[in-house]
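Line by line, the protein sequences give chains U and Z. Heads up: the first sequence at position 116 corresponds to 116 in this note's numbering, and the numbers run straight through without jumps. Heads up: the second sequence at position 117 corresponds to 1117 in this note's numbering, and the numbers run straight through without jumps.
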Amino acid sequence: MIVKVLTRNFDKPDSHTLAVYEAGGGYRTLRKVLESWTPEQVVEEVKASNLRGRGGAGFPTAIKWGFVPKDSPKPKYICVNADEGEPGTFKDRHIMEQDPHLMVEGTILSAYAIGVQTAYIYIRGEFVLAGERTEAAIAEAYAKGYLGENILGSSYSLDIHVHYGAGSYICGEETALIESIEGKKGWPRVKPPFPAVEGLFGCPTVVNNVETLANVPLILDKGAAWFAGLGTEKSGGTKLFTISGHVNRPGLYELPMGTPLLEMIEEQAGGVTGGKKIKAVIPGGASCPVLAAHELDIKMDFNTLMAAGSMLGSGGVIVLAEGTSMLAALLNLERFFAHESCGQCTPCREGTRWIVQILERIERGEGTAGDPDTLIDIAEHMAGRTVCPLGEAAAGPVKSFVKKFRDEFLPGPGPDAGPSGTEHHPQVAGQDG
Amino acid sequence: MQQILSKNEVQELLGRYPNKEAALMPVLRAIQMKEGHISKEAEHYAAAILELHPSRVREVVAFYSMFREKPEGKHLILVCESISCALLGSETILEHLKKRLAIGVGETTADKCFTLETAECLACCDQAPSVMINDELFGPVTPEELDGILEEKMKG
Ligand SMILES: Cc1cc2nc3c(=O)[nH]c(=O)nc-3n(C[C@H](O)[C@H](O)[C@H](O)COP(=O)(O)O)c2cc1C
Ligand code: FES
């Protein structure tokens, strides 16, 4: 069942403009909050809403805000994570292109709650239209007094700057993102200290995803109970799911947290192309462990997927139809991680390379009976042994693909080598892909 | 040293951050927008205006794939190779472009019209297979449609 909450403006003509946003009630909440709410009340309301981070980890948003020391003499920062680079994910780009003011108002309200005077929106370098519309929205907000000194006549002031990335997936990781804003290469930092205590320019910093912040105006407008009621017991609100791969209607769908995966694929995405069966689904973006066909009767929320050994991640649902080579699919994913490993930690830098080399060897028909176990072994030595979770992100697909589709990683052509390639050169796409 | 950016442009970028160093990425982005790529001289220029050692600039230019160290063709073609596009045939698209333009990945046509590159997920997986040409996204594309788009670009 589609619920239009976050996306309620998306279909309006010129939805990205201030006029349309205001006509739909936009910035009304900001006015209300600045007139009559304390920052603590904002934090309490967001806490009661059960909002959890939409950037991948699902961390409770208000609790993260609560880690920022109240009495620090240093300036505080908020960084909006608009680096959206997880393959299969395209929700934040839609928010920025179709309703950038929702993100901007959410950023202002969150910054007010935390006591921030400067915010940075870190936008992926490839996002041209999303960047233009975000910059235009910020300019409109300044002109209307929603940003800058003494917002709407209150004592609260905030500046928002845009900082563009330049083609690096790792910069979506919060500490790499901070390094990148500081003008450095995107090497994640060792934690602790956590950004909330020592982040951007050595100051307390909160990093939140675009979709997370876009929910804040709605929570403060309609109330925490309303928002919590849209989701599951442990996770409030709706979720933007992006469905891609072998489905008839790939796209962005706003659905209640906890919507069954199969309902999403059948009803929203129109089922599998060519009426084929589903072979596997990657439920939350490229770094989430794959689910096999018998595991698809599952509700899509943080806790249920975690219990099933996968993750909701960023909500990027990738559907693989029968006929897809799992070897080729995993090789594709691992090439991505090997390419995007920043090179700082040996287990990740070398591990991702070895995994790619072994998969390529199997693809050439030179695999050995020991390869599946070697792959799992390498993956196990990467997970948890790196500064940031990219090692873990690369390991999860390896372990799940190899354990669930072991035959395809053994010598000889797999059962679904795929007629598009030669026997030993399966392509990811099936015959009619 | 040649001034690539105006004083105002530099001041505006510096004003966004509490220190000069942090303006490095926007300065490099602005240089690339003007010159198409970031030359060795431009690296030294960025280092000079931000009071950084040139090796700091070098490191950043080398780390980020969108900072281009050599001139490219008039049109930059990025073919998404990530999973959702691969599931829908990005390999066919890339092979077609290589043949059609008679260049490999990372190369530029002799007439300097096109540079061919692969890209990681462009966050438009619902339009797979997707291709970005300069600032514009195309998808889902077929080899035939791409031929038409390239024709247009060659005229323009
Ligand atoms: C390799 C890697 C890439 C990431 N990429 C993104 C990203 O593109 N966007 C995002 O919001 N979070 C990304 N994250 C998660 C961030 O580190 C961080 O948890 C998130 O921005 C926090 O926001 P949230 O609490 O609102 O979810 C990434 C994490 C890792 C390890
Ligand atoms: S996988 Fe190609 S755009 Fe996402």
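Glycine residues also receive a C-beta, built at the ideal position from the N, C-alpha and C atoms. Since the structure is predicted, the reported quantities are computational estimates derived from the model, not experimental observations.
Buried or exposed: residue i, going by 16 or more other Cβ atoms within 10 Å of its Cβ?
i	result
U/F59	exposed
Z/M956	Look at the range of chain Z in this structure, 1001 to 1156, and you will see that residue 956 of chain Z is not part of it.
Z/K1112	exposed
U/T422	Because the pLDDT at U/T422 is just 38, under 50, the model does not fix this residue reliably, and the value given afterwards should be weighed accordingly. So U/T422 counts as exposed.
U/H101	buried
U/G418	Model confidence at U/G418 stands at a pLDDT of 45, short of 50, so the residue's coordinates are unreliable; what they give is reported in the following sentence. Answer is buried; the Cβ neighbour count reaches 16.
U/S157	exposed
U/S420	Any answer about U/S420 is weak, because its pLDDT of 42 lies below 50 and its placement is not dependable; what the coordinates show is given next. U/S420 should be labelled buried.
U/Q344	buried
U/N215	buried
Z/E1091	buried
U/N332	buried
U/Q431	Model confidence at U/Q431 stands at a pLDDT of 40, short of 50, so the residue's coordinates are unreliable; what they give is reported in the following sentence. Label assigned to U/Q431: exposed.
U/V498	Because chain U spans 1 through 433 in this model, residue 498 of chain U falls outside it and cannot be assessed.
U/I138	buried
Z/C1105	The amino acid at residue 1105 of chain Z is misidentified as Cys; the sequence shows Val. So Z/V1105 counts as exposed.
Z/Q1002	exposed
U/Y120	buried
U/I278	buried
U/A176	buried
U/Y142	exposed
U/G433	Below a pLDDT of 50, predicted positions are generally treated as unreliable, and U/G433, at 35, falls in that range; no measurement from the model is reported.
U/I2	exposed
U/G229	exposed
Z/K1099	exposed
U/P188	buried
U/R28	exposed
U/R364	exposed
U/A338	buried
U/Q117	exposed
U/H294	exposed
Z/A1042	buried
U/G391	buried
U/T38	exposed
Am I right that residue i and residue j are in contact with their C-beta atoms under 8 Å? What's the rounded C-beta distance?
i	j	result
U/E86	U/S287	7 Å
U/V319	U/I243	7 Å
U/A82	U/V210	5 Å
U/I376	U/K404	Actually they are not in contact, since the Cβ atoms of U/I376 and U/K404 sit about 11 Å apart, beyond 8 Å.
U/C79	U/V207	5 Å
U/G271	U/V247	7 Å
U/V437	U/D11	What is shown of chain U runs 1 to 433, which leaves residue 437 of chain U out entirely.
U/P256	U/G231	6 Å
U/A57	U/A224	Rounded, the Cβ-Cβ distance is 21 Å, inconsistent with contact.
U/M326	U/M300	Their Cβ separation, rounded to whole angstroms, is 22 Å, which puts U/M326 and U/M300 out of contact at 8 Å.
U/A62	U/M96	So it is not a contact: roughly 24 Å between Cβ atoms.
Z/A1022	U/G396	That pair is no contact at about 34 Å.
Z/E1117	Z/L1078	5 Å
Nearest chain A C-beta to residue i closer than 9 Å, yes or no?
i	result
U/C79	Of the protein chains in the structure, U and Z, none is chain A.
Item to check | Selection of the region 1106 to 1130 of chain Z by Cβ proximity to chain U, strictly under 7 Å | outcome: E1120, C1121, L1122, A1123, C1124, C1125, D1126 and A1128
Checklist entry - Between the region 265 to 281 of chain U and chain Z, which residues of the former have a C-beta closer than 7 Å to a C-beta of the latter? => result none
Checklist entry - In chain order, what residues of the region 165 to 183 of chain U put their CB closer than 8 Å to some CB of chain Z? => result G165, A166, G167, S168, Y169, S180, I181, E182 and G183
Checklist entry - What runs of the alpha helix (DSSP H), each 4 residues or longer, lie entirely inside the region 190 to 229 of chain U? => result 210 to 222
Checklist entry - If you measure beta-carbon to beta-carbon, which residues of the region 1056 to 1069 of chain Z are closer than 7 Å to chain U? => result E1059, V1060, F1063, Y1064, S1065, M1066 and F1067
Checklist entry - Counting only runs that start and end within the region 262 to 334 of chain U, where is the alpha helix (DSSP H) found for 4 or more residues in a row? => result 302 to 307
Checklist entry - Closer than 7 Å, Cβ to any Cβ of chain Z: which residues of the region 126 to 152 of chain U, in chain order? => result E126 and V128
Item to check | Length at least 3, wholly inside the region 21 to 93 of chain U: the beta strand (DSSP E) runs in chain order | outcome: 77 to 82
Item to check | Within 8 Å of chain U by C-beta, residues of the region 1022 to 1040 of chain Z in sequence order | outcome: A1022, A1023, L1024, M1025, P1026, L1028 and R1029
Checklist entry - Unbroken beta strand (DSSP E) runs of length 3 or more, entirely within the region 118 to 172 of chain U: which are they? => result 118 to 123 and 159 to 164
Checklist entry - In chain order, what residues of the region 1076 to 1095 of chain Z put their CB closer than 7 Å to some CB of chain U? => result S1082, I1083, S1084, A1086, L1087, L1088, G1089 and E1091
Checklist entry - For the region 235 to 260 of chain U, which residues have a CB atom closer than 8 Å to at least one CB atom of chain Z, in sequence order? => result T242, I243, S244, G245, H246, P250, G251 and L252
Next on the checklist: Which residues of the region 302 to 325 of chain U have a Cβ closer than 8 Å to any Cβ of chain Z? Give them in chain order.
Outcome noted: G316, I318, L320 and T324
Checklist entry - Which runs of the beta strand (DSSP E) spanning at least 3 residues fall entirely within the region 1009 to 1080 of chain Z, listed in chain order? => result 1075 to 1080
Checklist entry - Taking Cβ-Cβ distances below 7 Å as the criterion, which residues of the region 195 to 212 of chain U are in contact with chain Z? => result F201
Checklist entry - At a Cβ cut of 9 Å, what residues of the region 366 to 389 of chain U count as close to chain Z, listed as they run along the chain? => result none
Item to check | Sequence ranges, alpha helix (DSSP H) only - wholly within the region 340 to 367 of chain U, length at least 4 | outcome: 346 to 363
Checklist entry - Closer than 8 Å, Cβ to any Cβ of chain Z: which residues of the region 86 to 100 of chain U, in chain order? => result E86, P87, G88, T89, F90, D92 and R93
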